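Comments concern the structure below.
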Amino acid sequence: MREHTEVAVDREHGALRPFPRDRLAVAPVRAAEALLGAVLVRRFTDGAEVWARIVEVEAYAPDDPASHSYRGPTPRCQTMFGPPGVAYVYRSYGIHRCLNVSVGAEGEGAAVLVRAAAVLRGTAEVRRRRPHVRDDAALLRGPGNLTEGLDIGLTLDGHDLLADGALSLVVDGFAGEVERGPRVGVSQAADRPWRLVVSGAAAVSRYRRSPRAS
DNA sequence: GGAATGATGCAT
DNA sequence: TGCATCATTCCT
């Protein structure tokens, strides 16, 4: 892995540095805290770039009935067991795709689901993929919308987010208030407060409890 | 082989 | 609140 990303400096947001892998080699809720405020950089083959600040995440632990990894590694979720910093992308409801960051030690089935992000650069690129959206804040609101807006497909499953490439994670020194609450849409362990959002961020999705939750 | 189900989003 | 839509997983 290279030491620095090519997109090292931005006038408005200051110096960016690659996300440190050891900050993800921790318990999933702590990794989720670290990922809030980090910036996703999507690079397209034509050179276009989108930057988006993560404002909403959910933690999924090995000992967690709501986690895909709960029953051990399967072909779908094996990247959850990979090294921290690797993308876990899966298909949801046969329609959408969801982006996770594998966290914890290698061999441990933990991940952080990226649920929403605020576009910092490349709004037009995102809007091209979601033309019907009126409000800019809603462009990457919701896990399925985020992957659609950033054109994140299943081919990125297993991709290292901490190296230069089509999709990478960088840090820009964000510090702000965090709110916690129950995770969206899970029927198991529905009351664990493992959804973390940046307070007041306009791109945060609305909470909806699973109708199947006990 | 078959059936249940879901880390969703959008229209109603 | 209902439903589209299908891969994955588990059961028989």
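To get the working numbering, take the position in the first sequence, counting from 1, and add 83.
Positions of the beta carbon are idealized from the N, C-alpha and C atoms, including for glycine.
All values reported here derive from a predicted model rather than from experimental measurement.
1. Can you give the Cα-Cα distance for ASP93 and ARG278, rounded to whole angstroms?
2. State whether the stretch 216 to 223 contacts the stretch 192 to 206, with contact taken as three or more CB pairs (one from each stretch) at a distance under 8 Å.
3. How is the beta strand (DSSP E) around GLU139 delimited, first residue to last?
4. Taking just the CA atoms, how far does ILE178 sit from ALA91?
5. GLU191: buried (16+ other C-beta within 10 angstroms of its C-beta) or exposed?
6. How far does the alpha helix (DSSP H) with GLY232 in it reach, from first residue to last?
7. Based on the DSSP output, what are the partners of HIS179 in its beta bridges?
8. How would you label PHE164, buried or exposed, when you count the other beta carbons within 10 angstroms and need 16 or more for buried?
9. What residue range does the beta strand (DSSP E) around LEU239 cover?
In short:
1. Low local confidence applies: a pLDDT of 49 at ASP93 is under 50, so the model's placement there is unreliable, with the coordinate-based value given in what follows. Roughly 30 Å between the two C-alpha positions.
2. The stretch 216 to 223 is in contact with the stretch 192 to 206.
3. First-last of the beta strand (DSSP E) with GLU139: 132 to 143.
4. Caution applies to ALA91, whose pLDDT of 42 falls short of 50 and renders its modelled position unreliable; the model cannot decide the point.
5. By the neighbour-count rule (16 or more Cβ atoms within 10 Å), GLU191 is buried.
6. In the DSSP assignment, GLY232 falls within the unbroken alpha helix (DSSP H) covering 226 to 232.
7. Residue pairing of HIS179 in beta bridges, as defined by DSSP: SER175.
8. Label assigned to PHE164: buried.
9. For LEU239, no beta strand (DSSP E) encloses it, and the DSSP letter there is neither H nor E.
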